[in-house]
Every structure is written in C-alpha cells, then in structure tokens.
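Numbering (this note's numbering), first residue to last: 1 to 208.
What follows is a set of notes on a single structure, which appears directly below.
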C-alpha cells in the first residue's frame, strides 16, 4: 500500500509504543518505544498519565503541532499495550477498530537492534527483524503496511544473546544519553504525523 504524506489533517493517528508491563521491565531497552510515548504524553499534556482502555492498553488523546493559520494539528491517540510484547497485536487491532484508524495511519514506535544506538529510522511495511511485538501486530492487522519509528539500541556486546540484551536496562552510560534519544524519537514521530514519511526520512536518515 502506498503512503501519501499529504493525508487529511482531520484524520486520526494511532501511535503505539511497544514494551512489557510492570516495573521489572520499565527500564529495559525493549521498552524504549513505550518510553517515547511517555515523552509525547508529557509534551502534549494527555493528563498526568495514560488511562486504561478496554482494548488492553493505556491511552491518551492529543493534538500534535499546529497547522498553517494556527489551527490545531492532527489528532493522535497515544497508546501503550498493557500486555506482554508478543501479544501487542490484539490491543493494536482493537484500538484501530475503536478509533476507526486504517493501518497506514498506525505508527508503531519500537526498539531496533540493527540500527546504531541513538539513531532514529522510519519506514512503512517490510519485515519485522525478529521483533516479537511487530510480528504480533502484523499478524493481528493482516498487513505489514503500517508505519514504524525505529529507535536504535545497537547490537549486544560480544556473544551476548540479543534476547538477553533487549531485556536488560540501559547501561549507566546509555542512561545519560537516553533523554536525548527519547526526545529525538518523539520529534521524529511528531514530524511524521505533520509532514509525512518522506520529509521525515530526509531529516532523520541524513548524515549528521
């Protein structure tokens, strides 16, 4: 499915941050998608926190940015599934149905091993790269043609199992840079909603 960057500004977006529930996983690299949504919640004042939804997710509704002439920007539903990563598809499908959001207006924010730590990349469709959250969402939606904001966490050191790496907290050094990474990923997500995929890729995929 082709993606049109000049979509109806009045349409609703669904922005989903992936992670695992509970304090045990809160600081894990695998939870960086949920952390980005928390950053967006803070920026846009979706209450003090997301609220529980029957779709097994925590949800808040915001307007992102401002349109030419000063009108409020696009409406976005911010969500974090309240189930484990490999069950993310059910909540995403239910929320898409509840808010009448088509797959091309679903944005999934997630950790990415195959991108250098600190880098942000965006795409629509394609493979899941072994990511259980993405695999679950693709299966539930019946398509891979949804948008992804891919937050680079880098590869594990030495012979560490990638599954162990993503389920560990960010290191002390990484935590110093984490606020900047979350801010960048939130910026990229906001630009994606307002400017479209191509313009956002041109900014975030360009060499520094």
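All C-beta atoms in this analysis are idealised placements derived from N, C-alpha and C, irrespective of residue type, glycine included.
With distances taken between CB atoms, is the gap from residue i to residue j smaller than 9 Å?
| i | j | result |
| --- | --- | --- |
| residue 153 | residue 113 | yes |
| residue 27 | residue 169 | yes |
| residue 102 | residue 94 | no |
| residue 17 | residue 38 | yes |
| residue 79 | residue 14 | yes |
| residue 145 | residue 104 | yes |
| residue 118 | residue 177 | yes |
| residue 182 | residue 29 | no |
| residue 149 | residue 109 | yes |
| residue 147 | residue 172 | no |
| residue 40 | residue 163 | no |
So, helix, strand or coil for residue i, using DSSP?
| i | result |
| --- | --- |
| residue 103 | helix |
| residue 87 | helix |
| residue 201 | helix |
| residue 20 | coil |
| residue 57 | strand |
| residue 179 | helix |
| residue 112 | strand |
| residue 6 | Because the pLDDT at residue 6 is just 41, under 50, the model does not fix this residue reliably, and the value given afterwards should be weighed accordingly. Correct three-state label for residue 6: coil. |
| residue 206 | coil |
| residue 63 | strand |
| residue 144 | coil |
| residue 159 | coil |
What span of residues does the alpha helix (DSSP H) with residue i cover, start to end?
| i | result |
| --- | --- |
| residue 133 | 132-141 |
| residue 210 | Residue 210 is absent from the structure shown; the chain starts at 1 and stops at 208. |
Along the chain, where does the beta strand (DSSP E) that runs through residue i open and close?
| i | result |
| --- | --- |
| residue 122 | 120-124 |
| residue 76 | 75-81 |
| residue 14 | 12-17 |
| residue 167 | Residue 167 -> no beta strand (DSSP E), and no H or E assigned at all. |
| residue 69 | Looking at the DSSP string, residue 69 is not in any beta strand (DSSP E), and its letter there is neither H nor E. |
| residue 50 | Residue 50 -> no beta strand (DSSP E), and no H or E assigned at all. |
Quick test of the definition: if touching needs 3 or more C-beta pairs under 8 Å, does the segment 82-89 touch the segment 119-138?
Taking 8 Å as the limit for Cβ pairs, the verdict is that the segment 119-138 does touch the segment 82-89.
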